[in-house]
Amino acid sequence: MDGRTRAARAAGREAREEFLSAALRVFARRGYREAGVDEIAAEAGYSKGGLYWHFSGKEELLMSLLEERIDAPMRDRFALLASAPPERDMSVEASREFARQLSEARETLLLEREYWSLAIRDPELRARYCERQKELRDALAAGMEARARHLGTPELTMPAEDVARIVMSIIGGLGFDELIEPGTVRPELLGEALAVIYAGLVSSGRARAGS
Numbered sequence: 068m069d070g071r072t073r074a075a076r077a078a079g080r081e082a083r084e085e086f087l088s089a090a091l092r093v094f095a096r097r098g099y100r101e102a103g104v105d106e107i108a109a110e111a112g113y114s115k116g117g118l119y120w121h122f123s124g125k126e127e128l129l130m131s132l133l134e135e136r137i138d139a140p141m142r143d144r145f146a147l148l149a150s151a152p153p154e155r156d157m158s159v160e161a162s163r164e165f166a167r168q169l170s171e172a173r174e175t176l177l178l179e180r181e182y183w184s185l186a187i188r189d190p191e192l193r194a195r196y197c198e199r200q201k202e203l204r205d206a207l208a209a210g211m212e213a214r215a216r217h218l219g220t221p222e223l224t225m226p227a228e229d230v231a232r233i234v235m236s237i238i239g240g241l242g243f244d245e246l247i248e249p250g251t252v253r254p255e256l257l258g259e260a261l262a263v264i265y266a267g268l269v270s271s272g273r274a275r276a277g278s
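Per the numbering used here, the very first residue in the sequence shown carries number 68; after that it's consecutive.
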């Protein structure tokens, strides 16, 4: 093992994070299929042996990025939706987080979109993608139901899982539009769209309760 391999082993968690950040940059720059572990290791400043000490290969790098840089923060936001006090405007929170993604995390948006395009053509990846999406939808649905209980609003007039699918599609669609046409998507648009959906559900629930 060369010095850079030993350094990657010794650095532990720090080196692992550097490999993930390097992989994110290379995937964004080159695309997942064209990216190589040699380039990722060089980008991180370690040897390929150091990369393999932490990851089995390119696919594990991709899956770790999805879990740690996209899914885990998203689940945290869904948990906040479930636990936030009633007076906290969650549409504002959504707009703030979306604005952060557009300005600071464009590479993760691109990675998410590329994973989607890979999953369409790869049956194994597609199965994993579908499982991942269902877990996220279930977490969002649970958060929305808890939020409705905290606010004392009528029960949803459609399954929470369907509402979660709509919301996640809006988030993904707006992010994709911004990647294609930078600067055209107002960060506030997400919060405004979610407020319209929520108002419609509340109005429909009240109408049903009064009938």
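For glycine and all other residues, C-beta sits at the position ideal for the given N, C-alpha and C.
1) Rounded to the nearest angstrom, what separates Arg144 and Ala111 at their Cα positions?
2) Enumerate in chain order the residues of its own chain whose CB-to-CB distance from Asp244 is below 8 Å, with the five nearest sequence positions on each side excluded.
3) What distance in whole Å lies between the Cβ atoms of Gly210 and Ala146, which are believed to be in contact at a cut-off of 8 Å?
4) Indicate the three-state DSSP secondary structure (helix, strand or coil) for Pro152 in the structure shown.
5) Considering only C-alpha positions, which residue in the set Ala89, Gly98, Leu132, Ala206 is nearest to Lys115?
6) In the structure shown, what three-state DSSP assignment does Pro190 receive?
7) Considering Glu222, what are the terminal residues of the alpha helix (DSSP H) in which it resides?
8) Around the Cβ of Ile187, are there at least 16 other Cβ atoms within 10 angstroms (buried) or fewer (exposed)?
9) Keeping to the same chain, check which residues put their C-beta closer than 6 Å to that of Ile107; ignore five residues upstream and five downstream.
10) Are the CB atoms of Ala231 and Leu178 nearer to each other than 8 Å?
11) Taking DSSP as the reference, what is the three-state secondary structure of Ala260?
12) Note down the Cα distance separating Ala77 from His121, rounded to an integer number of angstroms.
13) So what's Arg167 in DSSP terms, helix, strand or just coil?
14) With a threshold of 16 other CB atoms inside 10 Å of the CB of Glu164, please say whether the residue is buried or exposed.
15) Span of the alpha helix (DSSP H) holding Tyr119?
16) Would you kindly check if the distance between the Cβ of Ser158 and the Cβ of Leu241 is under 8 Å?
17) Give every residue of the same chain whose Cβ lies closer than 7 Å to the Cβ of Ala161, excluding the five residues on either side of it in the sequence, and list them in chain order.
In brief:
1) For this step, residue 144 is matched to residue 77 along the sequence shown. For this step, residue 111 is matched to residue 44 along the sequence shown. In a straight line, the C-alpha of Arg144 is about 29 Å away from that of Ala111.
2) Here the question's residue 244 lines up with position 177 in the sequence shown. Thr251, Val252, listed in sequence order.
3) In the sequence shown, counting from the first residue as 1, residue 146 sits at position 79. In the sequence shown, counting from the first residue as 1, residue 210 sits at position 143. With a contact defined as Cβ atoms closer than 8 Å, Ala146 and Gly210 qualify at about 7 Å.
4) Position 85 of the sequence shown, counted from the start, is the residue given in the question as residue 152. Judged by DSSP in its simplified three-state form, Pro152 adopts coil rather than helix or strand.
5) The count along the sequence shown starts at 1 and reaches residue 115 at position 48. Among Ala89, Gly98, Leu132, Ala206, the Cα nearest to that of Lys115 belongs to Ala89.
6) Reading the sequence shown from its first residue, position 123 is the one you call residue 190. Pro190: helix per DSSP, three-state reduction.
7) Position 155 of the sequence shown holds residue 222. Neither: Glu222 is in no alpha helix (DSSP H) and is coded neither H nor E.
8) Position 120 of the sequence shown, counted from the first residue, corresponds to residue 187. Ile187 should be labelled exposed.
9) Here residue 107 refers to the residue found at position 40 when the sequence shown is read from its first residue. Within the same chain, Ile107 has close Cβ partners Ala89, Ala90, Val93.
10) Taking the sequence shown and counting its residues from 1, one reaches residue 231 at position 164. Taking the sequence shown and counting its residues from 1, one reaches residue 178 at position 111. Result no, Cβ atoms of Ala231 and Leu178 do not sit closer than 8 Å.
11) Numbered from 1 along the sequence shown, position 193 holds the residue referred to as residue 260. Helix at Ala260.
12) Here residue 77 refers to the residue found at position 10 of the sequence shown. Here residue 121 refers to the residue found at position 54 of the sequence shown. With a pLDDT of only 48 at Ala77, under the threshold of 50, the placement of this residue in the model should not be trusted; the figure read from the coordinates follows. C-alpha separation (whole angstroms): 11 Å.
13) Translated into positions along the sequence shown, residue 167 becomes position 100. Correct three-state label for Arg167: helix.
14) Mapped onto the sequence shown, residue 164 falls at position 97. That one is buried.
15) Here residue 119 refers to the residue found at position 52 when the sequence shown is read from its first residue. Residues 115-121.
16) The residue labelled residue 241 in the question sits at position 174 within the sequence shown. The residue labelled residue 158 in the question sits at position 91 within the sequence shown. Going by C-beta atoms, Leu241 is not nearer than 8 Å to Ser158.
17) On the sequence shown, residue 161 is found 94 positions in, with the first residue counted as 1. Only Leu257, Gly258, Leu261 meet the Cβ criterion.
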